[in-house]
Amino acid sequence: MAGAAFIGGEIYFARKQGKVVGVAAWYPPGRAAYDSEEAKTEVMQPFLDAHPQELKEWQLTVFRPGYSKLTDESFGSGYKLGSYHLQAIAVLPEYQGKGISRQLIEHVKDTIAHPHGIPVCLEATSQRNADIYSRIGFRHVGQGTFEGAASVGGKFTFYCMVSEPGRSG
6 MAGAAFIGGE
16 IYFARKQGKV
26 VGVAAWYPPG
36 RAAYDSEEAK
46 TEVMQPFLDA
56 HPQELKEWQL
66 TVFRPGYSKL
76 TDESFGSGYK
86 LGSYHLQAIA
96 VLPEYQGKGI
106 SRQLIEHVKD
116 TIAHPHGIPV
126 CLEATSQRNA
136 DIYSRIGFRH
146 VGQGTFEGAA
156 SVGGKFTFYC
166 MVSEPGRSG
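Listed below in structure tokens is the structure:
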């Protein structure tokens with residue numbers, strides 16, 4: 006995800022005492038992960054090639070189409086592409102619970118997107134994370150559960166959430 010964001014998105018870092026403790030990968034309006042040939046050939050294809058055939062097929066035939074359908078149904082067709090979209094966020098474990106994610110999100114939401122009338126959207130990957138995003142002004146608009154490929158198994162849920170200018174929670 007980071008490689009694709011370096012090509013077509015924006016990456017923001019949080020630092021404490023000179024150490025990178027968090028990172029967020031965003032796509033501005035009009036851009037999406039893997040929306041260019043460069044991102045597809047330099048990032049997506051090597052990612053797929055590094056995995057067994059079963060996982061490649063699952064990614065291409067189940068996950069990616071299902072994810073696109075879920076986000077279109079939850080946000081509305083074209084909404085995600087017209088928004089700032091948080092693709093990924095990570096904070097070192099020892100810095101979690103200290104407001105780092107909030108700072109990384111609020112920087113884009115409150116100083117870049119919302120002042121220009123642009124909504125922000127994301128997909129949380131756990132109820133715990135969805136609850137955190139709710140506390141910083143996102144509202145739940147849909148969710149979907151995916152069955153993982155047989156070799157990895159399990160189910161995982163995406164919680165689609167938005168934060169719109171001039172609207173709280």
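Numbered per the working numbering, the sequence shown spans residues 6 to 174. Heads up, the beta-carbon is just placed ideally off N, CA and C, and yes, glycines get one too. Since the structure is predicted, the reported quantities are computational estimates derived from the model, not experimental observations.
In this structure G171 is exposed. Its beta-carbon is surrounded by fewer than 16 other beta-carbon atoms within 10 angstroms. For H90, there is no enclosing alpha helix (DSSP H); the enclosing beta strand (DSSP E) covers residues 89 to 96. Shortest Cα-Cα distance from V125 to any of K24, A30, G8, F18 involves A30. Uninterrupted alpha helix (DSSP H) stretches at least 4 residues long and entirely within the region 100 to 143 occur at 105 to 113, 132 to 140, given in chain order. Sequence-distant Cβ neighbours of S88 in its own chain, meaning closer than 7 angstroms and more than five residues away, are P34, I123, P124, V125, C126. The alpha carbon of G14 has as its nearest neighbour, out of M6, G8, Y32, the alpha carbon of Y32. When rounded, the separation of the alpha-carbon atoms in A44 and A38 is 8 angstroms. Close CB contacts of L97 within its chain, under the 6 angstroms cut and outside five residues either way in sequence, are with V26 (chain order). In the DSSP assignment, F80 falls within the unbroken alpha helix (DSSP H) covering 69 to 80. Bounds of any beta strand (DSSP E) do not take in K45, whose DSSP letter is neither H nor E. It is roughly 12 angstroms from the alpha-carbon of T66 to the alpha-carbon of K74. Using a C-beta cut-off of 8 angstroms, the region 158 to 169 makes contact with the region 134 to 150, since at least three inter-stretch Cβ pairs fall below that distance. Straight across, the Cα-Cα distance linking P57 with R133 is about 31 angstroms. If you draw a straight line from the Cα of V146 to the Cα of Y72, it is about 14 angstroms long. Residue pairing for G35: DSSP places it in no beta bridge.
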